[in-house]
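Chemist: Have a look at this one before I ask anything.
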Amino acid sequence: MLTPSSRHRGSGPRRRPRVTRVLSGTVCLLALAGTTLAAAPAPAAGADTPPAGTTWRADLSQTGADDVNVRYDSGALRVRDGSVSPASLGRDRGYALAVLDPHHVDRPVNRVAVELDATVPDAASVEVDVRGRTADGIWTEWRGAVAGTPAELPRDVVDVQARLTLWNAKGKPTAVVRAVTLTADDAGAAPAEPAPTTRASAFSARVYATREGLVGHTTANGHVIQTNDHFVALPSRRALSPAGSGQYSVQVCGPARCETAPVWDVGPWNTHDDHWNPSAQREQWKDLPQGLPEAQAAYEDGYNGGRDEFGRQVANPAGIDLADGTFYNVGLSDNGWVTVTYLWTEGGGDTTSFPTWGTDVSVRQQATTTSTRVASLPGPTTVRVRCQVHGQLVTYDGYSNDAWSYLPDYGGYVSNIFIDVADAWLPGVPTC
Numbered sequence: 038m039l040t041p042s043s044r045h046r047g048s049g050p051r052r053r054p055r056v057t058r059v060l061s062g063t064v065c066l067l068a069l070a071g072t073t074l075a076a077a078p079a080p081a082a083g084a085d086t087p088p089a090g091t092t093w094r095a096d097l098s099q100t101g102a103d104d105v106n107v108r109y110d111s112g113a114l115r116v117r118d119g120s121v122s123p124a125s126l127g128r129d130r131g132y133a134l135a136v137l138d139p140h141h142v143d144r145p146v147n148r149v150a151v152e153l154d155a156t157v158p159d160a161a162s163v164e165v166d167v168r169g170r171t172a173d174g175i176w177t178e179w180r181g182a183v184a185g186t187p188a189e190l191p192r193d194v195v196d197v198q199a200r201l202t203l204w205n206a207k208g209k210p211t212a213v214v215r216a217v218t219l220t221a222d223d224a225g226a227a228p229a230e231p232a233p234t235t236r237a238s239a240f241s242a243r244v245y246a247t248r249e250g251l252v253g254h255t256t257a258n259g260h261v262i263q264t265n266d267h268f269v270a271l272p273s274r275r276a277l278s279p280a281g282s283g284q285y286s287v288q289v290c291g292p293a294r295c296e297t298a299p300v301w302d303v304g305p306w307n308t309h310d311d312h313w314n315p316s317a318q319r320e321q322w323k324d325l326p327q328g329l330p331e332a333q334a335a336y337e338d339g340y341n342g343g344r345d346e347f348g349r350q351v352a353n354p355a356g357i358d359l360a361d362g363t364f365y366n367v368g369l370s371d372n373g374w375v376t377v378t379y380l381w382t383e384g385g386g387d388t389t390s391f392p393t394w395g396t397d398v399s400v401r402q403q404a405t406t407t408s409t410r411v412a413s414l415p416g417p418t419t420v421r422v423r424c425q426v427h428g429q430l431v432t433y434d435g436y437s438n439d440a441w442s443y444l445p446d447y448g449g450y451v452s453n454i455f456i457d458v459a460d461a462w463l464p465g466v467p468t469c
């Protein structure tokens with residue numbers, strides 16, 4: 038489970054206590070259906086273009102564990118099974134998600150342009166999103182890269198990752214993606230977000246929650262929904278975590294308690310409604326205030342004719358779906374209002390940095406050793422802690438502690454045994 042470095046064996050790490058108090062780019066090709074897309078021509082000289090950047094061609098042949106229903110053959114990516122699509126969206130069309138390997142750039146960048154070589158049948162689509170990872174390991178949200186318009190990332194990054202979303206037309210052949218070429222550069226503008234040491238608390242909003250259910254069906258990130266599952270769906274792919282990952286997580290507070298859960302699905306109602314972002318940064322519905330889901334505005338005020346992005350009449354104001362385990366754990370017995378904190382926003386909230394010890398230390402989705410392992414700390418490092426909880430009692434190497442710290446940069450919890458300070462309950466760190 039947790040392996041200490043050899044220098045700690047026997048005596049345990051310096052300053053750790055032996056006794057612990059135990060308490061409770063979207064590139065949307067619909068308009069180009071039936072056509073073949075090639076690299077876009079370069080802008081005319083003198084146009085408002087970025088300085089020369091770093092260009093690379095993504096390797097599409099290496100599909101991996103983060104991909105969903107995608108296959109590579111005959112030199113192209115396509116939907117593997119046309120009968121598979123996220124159950125929460127209720128769309129009878131084949132769906133695939135290809136998460137490409139991150140690419141390291143030799144200098145900080147904050148803008149990424151994408152060129153596709155693809156063929157898209159009528160009513161099918163391909164969308165491209167990109168994100169970046171900063172030098173201190175923090176991922177940005179995903180941002181759509183629209184053809185001819187680079188994706189603007191909120192801060193300078195040193196790793197760039199692209200993600201393709203493919204939709205078949207119903208009963209039609211799949212879209213075919215032969216090549217993806219990315220160019221990253223520094224737009225020269227000041228970062229849109231403050232530095233990690235000065236970020237404000239994570240954004241919170243009161244939103245209407247519905248129970249997702251759908252046990253046995255598949256989420257947008259490929260997770261097969263289990264009985265008593267713990268995850269949420271948000272109506273935008275900008276904060277969709279890979280399966281098994283808590284890279285984008287929320288804290289949901291209901292009538293009984295709060296729970297931290299990963300974002301593993303897209304919905305309800307919309308798929309481009311990142312309502313947690315400031316109005317100017319929202320992907321759609323930029324005239325709505327931050328924190329107001331489009332479905333809520335449609336239901337309560339008749340916004341957009343009372344319809345969602347697909348033209349459906351909105352029947353409830355939901356801005357989040359909760360998996361069954363999360364739904365009942367926070368104290369809901371029927372759909373209702375909850376307070377949601379979007380933990381990746383503004384750097385995951387106020388944090389305090391602490392040193393760690395040990396090698397291959399597990400970061401878990403919840404504060405238990407049986408919870409999904411979402412990341413690991415390969416060796417001693419420094420982590421940012423947002424808050425802490427009393428969870429499962431962990432006994433290791435003669436030390437016991439039931440305290441766990443939430444690490445927003447990893448989207449999960451680590452036992453406080455592996456925080457290299459004298460206090461079992463970290464000083465100055467609030468309860469989650």
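Going by this note's numbering, the sequence shown opens with residue 38, and the numbers climb by one from there. Quick reminder that beta carbons are idealized off the backbone N, C-alpha and C, glycines included.
Could you tell me which of 240, 397 and 103 sits nearest to residue 135, measuring between CA atoms?
Modeler: Within the sequence shown, the letter at position 98 stands for residue 135. The residue with the shortest Cα to Cα distance from residue 135 is 103.
Chemist: When the Cα atoms are used, what is the spatial distance from residue 7 to residue 425?
Modeler: Any answer about residue 7 is impossible in this case: the structure gives the chain only from 38 up to 469.
Chemist: Give a yes or no on contact between the region 288–300 and the region 336–348, applying the rule of three or more CB pairs nearer than 8 Å.
Modeler: With a cut-off of 8 Å, the region 336–348 and the region 288–300 do not count as touching, because too few Cβ pairs lie within range.
Chemist: Can you give the Cα-Cα distance for residue 381 and residue 313, rounded to whole angstroms?
Modeler: The sequence position of residue 381 within the sequence shown is 344, counting from 1. The sequence position of residue 313 within the sequence shown is 276, counting from 1. C-alpha separation (whole angstroms): 11 Å.
Chemist: Roughly how many angstroms separate the alpha carbons of residue 91 and residue 131, rounded to a whole number?
Modeler: Translated into the one-based positions of the sequence shown, residue 91 becomes position 54. Translated into the one-based positions of the sequence shown, residue 131 becomes position 94. Approximately 34 Å between the Cα atoms of the pair.
Chemist: Give a yes or no on whether 8 Å exceeds the smallest Cβ distance from residue 95 to chain B.
Modeler: Absent here is chain B; the protein component of the structure consists of one chain.
Chemist: Which class does residue 357 belong to by DSSP, given the choice of helix, strand or coil?
Modeler: Against the sequence shown, residue 357 aligns to sequence position 320. In the structure shown, residue 357 sits in a strand (DSSP, three-state: E or B).
Chemist: So what does DSSP say about residue 108, is it helix, strand or coil?
Modeler: Here residue 108 is taken as the residue at index 71 of the sequence shown, counted from 1. Strand.
Chemist: Taking 7 Å as the limit between beta carbons, can you name the residues of its chain near residue 241, skipping five residues before and five after?
Modeler: Sequence index remark: in the sequence shown, residue 241 carries index 204 (1-based). Closer than 7 Å at the Cβ level, and outside the excluded window around residue 241, lie 376, 377 and 378.
Chemist: Go ahead and pull the three-state DSSP assignment for residue 320.
Modeler: As a first step, residue 320 must be located in the sequence shown, where it is residue number 283. Reduced to three states, the DSSP call for residue 320 is coil.
Chemist: Using CA atoms only, rank isn't needed, just tell me which of 204, 101 and 405 is closest to residue 159.
Modeler: Translated into the one-based positions of the sequence shown, residue 159 becomes position 122. Residue 159 has its Cα closest to that of 204, out of 204, 101 and 405.
Chemist: Ends of the beta strand (DSSP E) at residue 222?
Modeler: Indexing the sequence shown from 1 puts residue 222 at position 185. First-last of the beta strand (DSSP E) with residue 222: 213–222.
Chemist: With respect to the beta strand (DSSP E) encompassing residue 338, which residues constitute its N-terminal and C-terminal limits?
Modeler: Residue numbering aside, residue 338 sits at position 301 when the sequence shown is read from its first letter. Unbroken run through residue 338 is the alpha helix (DSSP H), 331–338; no beta strand (DSSP E).
Chemist: If we count the other Cβ atoms within 10 Å of its Cβ and call it buried at 16 or more, is residue 71 buried or exposed?
Modeler: Stepping through the sequence shown from its first residue, residue 71 is reached at position 34. Its pLDDT being 42, under 50, residue 71 is placed unreliably by the model, and the measurement read from it follows with that caveat. Exposed: under 16 other Cβ atoms inside 10 Å.
Chemist: Do the CB positions of residue 422 and residue 436 come within less than 8 Å of each other?
Modeler: Counting from 1 along the sequence shown, the entry for residue 422 is found at position 385. Counting from 1 along the sequence shown, the entry for residue 436 is found at position 399. No, these two residues do not count as a Cβ contact at 8 Å.
Chemist: Name the DSSP bridge partner or partners of residue 175?
Modeler: Numbered from its first residue, the sequence shown carries residue 175 at position 138. In DSSP, residue 175 forms no bridge with anything.
Chemist: I believe residue 275 touches residue 178 by the beta-carbon criterion, under 8 Å. Please report the beta-carbon distance rounded to the nearest angstrom.
Modeler: Here residue 275 refers to the residue found at position 238 of the sequence shown. Here residue 178 refers to the residue found at position 141 of the sequence shown. That pair is a contact at about 5 Å.
Chemist: So, at 8 Å on beta carbons, what are the nonlocal neighbours of residue 316 in its own chain, with the 5 sequence-adjacent residues on each side left out?
Modeler: Position 279 of the sequence shown holds residue 316. These residues qualify, in order along the chain: 323, 324, 325, 326 and 327.
Chemist: Give me the Cβ distance between residue 418 and residue 393, rounded to the nearest whole Å; I'm assuming they're in contact under 8 Å.
Modeler: Locating residue 418 in the sequence shown gives position 381, counting from the first residue. Locating residue 393 in the sequence shown gives position 356, counting from the first residue. Rounded, the Cβ-Cβ distance is 6 Å, consistent with contact.
Chemist: If distances are taken between C-alpha atoms only, which option among 363, 395 and 396 comes closest to residue 262?
Modeler: Taking the first residue of the sequence shown as position 1, residue 262 is located at position 225. Residue 262 has its Cα closest to that of 363, out of 363, 395 and 396.
Chemist: To the nearest angstrom, report how far apart residue 111 and residue 156 are at their CA atoms.
Modeler: Here residue 111 refers to the residue found at position 74 of the sequence shown. Here residue 156 refers to the residue found at position 119 of the sequence shown. Near 14 Å, if we compare the C-alpha coordinates of residue 156 and residue 111.
Chemist: Tell me the residue span of the beta strand (DSSP E) that contains residue 432.
Modeler: Position 395 of the sequence shown, counted from the first residue, corresponds to residue 432. Counting along the chain, the beta strand (DSSP E) containing residue 432 begins and ends at 424–433.
Chemist: On the DSSP letters alone, give me the boundaries of the beta strand (DSSP E) that residue 143 sits inside.
Modeler: Reading the sequence shown from its first residue, position 106 is the one you call residue 143. Per DSSP, residue 143 belongs to the beta strand (DSSP E) from 140–157.
Chemist: With distances taken Cα to Cα, identify the nearest neighbour of residue 108 among 352, 211, 360 and 404.
Modeler: Translated into the one-based positions of the sequence shown, residue 108 becomes position 71. Out of 352, 211, 360 and 404, 211 has the C-alpha closest to the C-alpha of residue 108.
Chemist: Tell me the residue span of the beta strand (DSSP E) that contains residue 243.
Modeler: By 1-based counting over the sequence shown, the position of residue 243 is 206. Start and end: 240–248.
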